[in-house]
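In UniProt numbering, the protein residues as written are 1 to 413.
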């Protein structure tokens, strides 16, 4: 018995229908599941996309007057020095000082054998006496011839010759008197004396040594070390910039350079207890090094500073007015080397280009780019980017409510 075609069951069609129904049901379930969790997943994604504000430490920028401090290397030189050389020839009989002691101007240092010079003085005395006797005779002869010439007892020529002889005799007296004075000077120079006050060094000769007048080798050296000079070297371009800053009013000076105090530091960084002052600035530039010498005068009562010592001298060249002190750690550089800082404003970090004049200890002196009250970020810079949100705190950790407009509660570092 045959069944109708509509009632016949074909196995392949049944299997396809069942697979299609299962696929449609799975898609429906997936859609229902997605609809049910849509709100939760959207909230999580939104939460991940919101950047977290970085905690940073700020300081409030305030204009102030800052000293323009210069630190220059230098070496000590004696205030005065003299090389002792003999002015007469002879044998050293005695050395009259102790090496290394303080001597006074005029103090005897060496005694040269003076026997020959004593004899020269006596000889000059005798020559002077003979010349004076000859001059007296010639003068008397001239007076006699003058009377005889009045009565025509002698010729006018004889009288003129007598007068000339008297003048020659008087001139010879002058020559012999000068020779005697020179002999006495040479005799006095047999005792070599100190020309200045100061500390004398070691002696290059001993008793019995032969010395000659104005010899090349000095017998000893005297150095005056209190006060003492410090010759500092500064680049000529830097000195020119200082003068230009003073001329344009960037640096305000008070008084003259003689009143500028100088603080001295040793090589190990310790500070010398006495302060000096600027003496003068060299009027020419070293052509080889391109430097200018700035000399300071420093008291040295204990002879602690010796000639040739390397030191560092610090002095104020004036002061900058209405500038900002910014910690060096807060300043960053662009690839081109331009300086900038981050300023916290309205809860975000703003990159602000600045102009640096020079350093002052651990700070930079900023002349342009900041305004009074700007909150400069000084800590936490590693997580700060331009336009990123920041949470600013001051040094004591208290949160700052607002950093725009009239900011209060920010204390400068």
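All C-beta atoms in this analysis are idealised placements derived from N, C-alpha and C, irrespective of residue type, glycine included.
Original post:
Could you give the uninterrupted runs of the beta strand (DSSP E) lying entirely in the stretch 339 to 400, keeping only those of 3 residues or more?
Top reply: 339 to 345, 348 to 353, 355 to 360, 363 to 368, 375 to 379 and 390 to 393
Subject >> Residues near residue 327 by beta carbon distance below 7 Å, same chain, minus five either side >> reply: For the purposes of this step, residue 327 is taken as the residue at position 327 of the chain shown. Taken in chain order, the residues that qualify are 362, 363, 378 and 413.
Subject >> Cut-off 8 Å between Cβ atoms - residues of its own chain near residue 418, not counting five sequence neighbours on either side >> reply: One cannot answer for residue 418 here, as it falls past the ends of the chain, which runs 1 to 413.
Original post:
Under a three-way DSSP split, which group does residue 93 fall into?
Top reply: In the chain shown, the residue the question calls residue 93 occupies position 93. Residue state, collapsed to three classes: strand.
Subject >> For residue 213, the nearest candidate out of 65, 373, 350 and 86 (CA to CA) >> reply: Along the chain shown, read from residue 1 onward, the residue named residue 213 stands at position 213. Considering only alpha carbons, the answer is 86.
Original post:
Would the stretch 162 to 177 and the stretch 94 to 112 be scored as touching if the rule is three or more Cβ pairs under 8 Å?
Top reply: no
Subject >> Three-pair Cβ contact test at 8 Å for the stretch 188 to 197 versus the stretch 106 to 115 >> reply: yes
Original post:
How about the stretch 108 to 122 and the stretch 135 to 144: do they share at least three Cβ pairs that are nearer than 8 Å?
Top reply: no
**OP:** Would you list the one or two residues that DSSP bridges to residue 231?
**Re:** As a first step, residue 231 is located in the chain shown; it is residue number 231 there, counting from the start. BP columns for residue 231 point to 75 and 295.
**OP:** Determine contact between the stretch 275 to 293 and the stretch 323 to 338, defined as no fewer than three beta-carbon pairs at a distance below 8 Å.
**Re:** Because the criterion of three Cβ pairs below 8 Å is not met, the stretch 275 to 293 and the stretch 323 to 338 do not touch.
Original post:
In the structure shown, what three-state DSSP assignment does residue 281 receive?
Top reply: Here residue 281 refers to the residue found at position 281 when the chain shown is read from its first residue. Looking at residue 281 - three-state DSSP - the assignment turns out to be strand.
**OP:** Sort 119, 311, 126 and 345 by Cα distance to residue 231 and report the nearest one.
**Re:** In the chain shown, the residue the question calls residue 231 occupies position 231. When only C-alpha atoms are compared, the closest one is 311.
**OP:** Go to residue 167, then tell me how far its alpha helix (DSSP H) extends in each direction, as first and last residue.
**Re:** Residue numbering aside, residue 167 sits at position 167 when the chain shown is read from its first letter. For residue 167, the uninterrupted alpha helix (DSSP H) segment begins and ends at 156 to 189.
Subject >> Bounding residues of the alpha helix (DSSP H) (the contiguous stretch that carries residue 87) >> reply: On the chain shown, position 87 is the one that residue 87 refers to. Element bounds for residue 87: n/a, residue is neither H nor E.
Original post:
If you follow the beta strand (DSSP E) that residue 111 is part of, which residue opens it and which one closes it?
Top reply: Here residue 111 is taken as the residue at index 111 of the chain shown, counted from 1. It spans 108 to 112 - the beta strand (DSSP E) in which residue 111 sits, taken as one unbroken run.
Original post:
Do residue 355 and residue 337 have their CB atoms nearer than 8 Å?
Top reply: As a first step, residue 355 is located in the chain shown; it is residue number 355 there, counting from the start. As a first step, residue 337 is located in the chain shown; it is residue number 337 there, counting from the start. Not in contact: residue 355 and residue 337 (Cβ atoms no closer than 8 Å).
**OP:** Please name the residue, chosen from 384, 270, 217 and 185, that lies closest to residue 83 on a Cα-to-Cα basis.
**Re:** Taking the chain shown and counting its residues from 1, the one referred to as residue 83 is at position 83. The shortest C-alpha separation from residue 83 is found at 217.
Original post:
Excluding the five sequence neighbours on either side, which residues of its own chain have a C-beta within less than 6 Å of the C-beta of residue 186, listed in chain order?
Top reply: For the purposes of this step, residue 186 is taken as residue 186 along the chain shown, with counting starting at 1. The answer, listed in chain order, is 88 and 117.
Original post:
Looking only at its own chain, which residues have a Cβ that is under 7 Å from the Cβ of residue 145, when we skip the five neighbours before and after it?
Top reply: Here residue 145 is taken as the residue at index 145 of the chain shown, counted from 1. Cβ-Cβ distances below 7 Å link residue 145 to 154, 158, 159 and 162 in the same chain, with the five nearest sequence neighbours on each side left out; the list follows chain order.
**OP:** Report yes or no: do the stretch 65 to 78 and the stretch 371 to 390 share at least 3 C-beta pairs separated by less than 8 Å?
**Re:** No: fewer than three Cβ pairs fall under 8 Å.
Original post:
What three-state label does DSSP hand residue 103 in the structure shown?
Top reply: To locate residue 103, count along the chain shown from 1; it is residue 103. Residue 103 falls in the strand class under three-state DSSP.
Original post:
In three-state DSSP terms, what is residue 274?
Top reply: For the purposes of this step, residue 274 is identified with residue 274 of the chain shown, where counting begins at 1. Correct three-state label for residue 274: coil.
Original post:
Which of helix, strand or coil does DSSP assign to residue 288?
Top reply: Mapped onto the chain shown, residue 288 falls at position 288. Correct three-state label for residue 288: coil.
Original post:
Since residue 348 contacts residue 341 with CB under 8 Å, what's their CB separation in whole angstroms?
Top reply: Position 348 of the chain shown, counting from 1, holds the residue named residue 348. Position 341 of the chain shown, counting from 1, holds the residue named residue 341. Actually they are not in contact, since the Cβ atoms of residue 348 and residue 341 sit about 14 Å apart, beyond 8 Å.
**OP:** Tell me where the alpha helix (DSSP H) around residue 121 begins and ends.
**Re:** By one-based count along the chain shown, residue 121 stands at place 121. Residue 121 -> alpha helix (DSSP H) spans 115 to 150.
Original post:
Alpha carbon to alpha carbon, what distance is there between residue 315 and residue 209?
Top reply: By 1-based counting over the chain shown, the position of residue 209 is 209. By 1-based counting over the chain shown, the position of residue 315 is 315. Cα to Cα, the separation comes out at about 49 Å.
Original post:
Can you name, in chain order, every residue of its own chain whose Cβ lies under 6 Å from the Cβ of residue 309, other than the five neighbours on each side?
Top reply: Along the chain shown, read from residue 1 onward, the residue named residue 309 stands at position 309. Counting only Cβ-Cβ distances below 6 Å, and skipping sequence neighbours, we find 76.
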